[in-house]
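Down below is the structure, laid out as structure tokens.
Number of protein chains: 2
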Amino acid sequence: MGQDPEVHDVAVALLVGIGLLVRRLRQVQRDGDLTLPETSALARLDRGGPSTASALARVEQISPQSMGATLGGLEARGFVERRPDPLDGRQAVISATDAGLQALGNRRSVRTELLAQALSGFTRPELKQLMAVAPLLERLAENI
Amino acid sequence: MGQDPEVHDVAVALLVGIGLLVRRLRQVQRDGDLTLPETSALARLDRGGPSTASALARVEQISPQSMGATLGGLEARGFVERRPDPLDGRQAVISATDAGLQALGNRRSVRTELLAQALSGFTRPELKQLMAVAPLLERLAENI
DNA sequence: TATTGTTATACTCTATAACTATA
DNA sequence: TATAGTTATAGAGTATAACAATA
Numbered sequence: 000m001g002q003d004p005e006v007h008d009v010a011v012a013l014l015v016g017i018g019l020l021v022r023r024l025r026q027v028q029r030d031g032d033l034t035l036p037e038t039s040a041l042a043r044l045d046r047g048g049p050s051t052a053s054a055l056a057r058v059e060q061i062s063p064q065s066m067g068a069t070l071g072g073l074e075a076r077g078f079v080e081r082r083p084d085p086l087d088g089r090q091a092v093i094s095a096t097d098a099g100l101q102a103l104g105n106r107r108s109v110r111t112e113l114l115a116q117a118l119s120g121f122t123r124p125e126l127k128q129l130m131a132v133a134p135l136l137e138r139l140a141e142n143i
Numbered sequence: 000m001g002q003d004p005e006v007h008d009v010a011v012a013l014l015v016g017i018g019l020l021v022r023r024l025r026q027v028q029r030d031g032d033l034t035l036p037e038t039s040a041l042a043r044l045d046r047g048g049p050s051t052a053s054a055l056a057r058v059e060q061i062s063p064q065s066m067g068a069t070l071g072g073l074e075a076r077g078f079v080e081r082r083p084d085p086l087d088g089r090q091a092v093i094s095a096t097d098a099g100l101q102a103l104g105n106r107r108s109v110r111t112e113l114l115a116q117a118l119s120g121f122t123r124p125e126l127k128q129l130m131a132v133a134p135l136l137e138r139l140a141e142n143i
């Protein structure tokens, strides 16, 4: 049990840092820009290829209804497309469109621009630290 | 400009990992437990001592109205107390109560318990990595 | 005039519940 | 029965606008 205080400190430190970052990121949202859940869903499609709404909801750990709403917004703007699965009539396969991938990679989006600007004030070792910790955060979320 | 792609990758990786973690953390919310903004505000009072609502709103980068709502909830449960500033009648000084600090440090709260459980699956170097990156995330948020 | 704080209202993201269609 | 998806409704957390009180 001698390790517990350290684990607790890590938890509180992460909560504070992450909370601050998320609130700030939400504020720089602009028209036409991708929202946070949209960015997550698109990045997931980019990394993992086409998927279904419920599969995406499972890996993103939100309800299928919430994922449906997010995908609906993306589809309306032409960032994803859905094709009915010929083998299973209940399912629809979602894939990112070229426009969607472009939006995801668009370095001139307001949020990405500001994030990149802020990150450019970091040293290269700090950037490597941040990059290395991203998968740890994912693993942490998956294990909660 | 050869560094830009790396900065962009860091940004996307962080967005995905953090988004997942925040959504998951919100789900384990329970009655009487501290919410994410409440945890942030209390941790800030714990680290920085008594403060005013607008000063807290500024450092947490949210509107004074939002901070007022958060503090109202904390005050109703006796986790913070507000005393009118005798020198400036507009201001009220907010301080964390013993009960508030206890709630912040309570290892048996549902969220902290689950977080600690998940973190116990990490190696010591990984924990150090996570701990080291928390202040970087704060600095990042402050520079956006 | 500027600042602190409150009240009223609305938006975003998420949830649960109830439903339809398909397996 | 079980699963994929939709529609309806509600809650948390945030925002902006308008206001009162104090500096």
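Chains as they are written, first to last, in numbering that gives the first Met the number 0: chain A, 0 to 143; chain B, 0 to 143.
The beta carbon of each residue, even a glycine, is placed where N, CA and C say it ideally should be.
A contact between stretches requires three or more CB pairs, one per stretch, nearer than 8 Å, and the segment 26 to 43 of chain B fails this requirement with the segment 6 to 13 of chain B. Under the Cβ distance rule, Ile93 of chain A does not count among the residues neighbouring chain B, no pair being separated by less than 9 Å. The continuous alpha helix (DSSP H) containing Ser53 of chain A extends over residues Ala52 to Glu59.
It is roughly 31 Å from the alpha-carbon of Asn142 of chain A to the alpha-carbon of Asp84 of chain A.
With a beta-carbon spacing of about 5 Å, Pro63 of chain A and Ser53 of chain A fall inside the 8 Å limit used to define contacts.
The C-alpha of Gly77 of chain A lies about 35 Å from the C-alpha of Glu59 of chain B. Per the coordinates, the alpha-carbon of Arg82 of chain B lies some 11 Å from the alpha-carbon of Gly88 of chain B. Less than 9 Å divides the Cβ of Ala10 of chain A from the Cβ of Leu118 of chain B.
Residues of the segment 47 to 65 of chain B with a C-beta less than 7 Å from any C-beta of chain A: Glu59, Gln60 and Ile61, listed in chain order. In this structure Thr122 of chain A is exposed. Its beta-carbon is surrounded by fewer than 16 other beta-carbon atoms within 10 angstroms. The three-state reading of DSSP puts Pro63 of chain A in helix, counting H, G and I together.
When secondary structure is reduced to three states using DSSP, Ser39 of chain B falls in the helix class. For Ala56 of chain B, the number of other beta carbons within 10 angstroms of its own is at least 16, and it is reported as buried.
The straight-line gap separating the alpha-carbon atoms of Val15 of chain A and Val15 of chain B is approximately 18 Å.
At a cut-off of 9 Å between beta carbons, Asp97 of chain B makes no contact with chain A. In summary, the residues of the segment 101 to 115 of chain A whose CB is separated from some CB of chain B by less than 8 Å are Leu103, Gly104, Arg106, Thr111, Leu113, Leu114 and Ala115, in the order they occur in the chain. Assignment of Val11 of chain A by DSSP, reduced to helix, strand and coil, places it in the helix class. The C-beta distance from Val92 of chain B to Val21 of chain A rounds to 28 Å, too long to meet the 8 Å contact threshold. In this structure, the straight-line span from the alpha carbon of Arg46 of chain B to that of Thr69 of chain A is close to 37 Å.
Contact residues of the segment 7 to 28 of chain A toward chain B are His7, Asp8, Val9, Ala10, Val11, Ala12, Leu13, Leu14, Val15, Gly16, Ile17, Gly18, Leu19, Leu20, Val21, Arg22, Arg23, Leu24, Gln26 and Val27 (C-beta to C-beta distance below 9 Å). Nearest CB-CB separation between Val79 of chain A and chain B: not below the 9 Å threshold. Listed along chain A, the residues sitting closer than 9 Å to Thr38 of chain B by beta-carbon distance are Val11, Leu14, Val15 and Gly18. Listed along the chain, the chain B residues whose CB falls inside 8 Å of the CB of Gln90 of chain A amount to none; the nearest CB is some 23 Å away. With respect to chain A, the C-beta atom of Ala131 of chain B has a partner C-beta closer than 9 Å. DSSP places Pro124 of chain B in the helix class (H, G or I) of the three-state scheme. With a contact defined as Cβ atoms closer than 8 Å, Ile17 of chain A and Ile17 of chain B qualify at about 6 Å.
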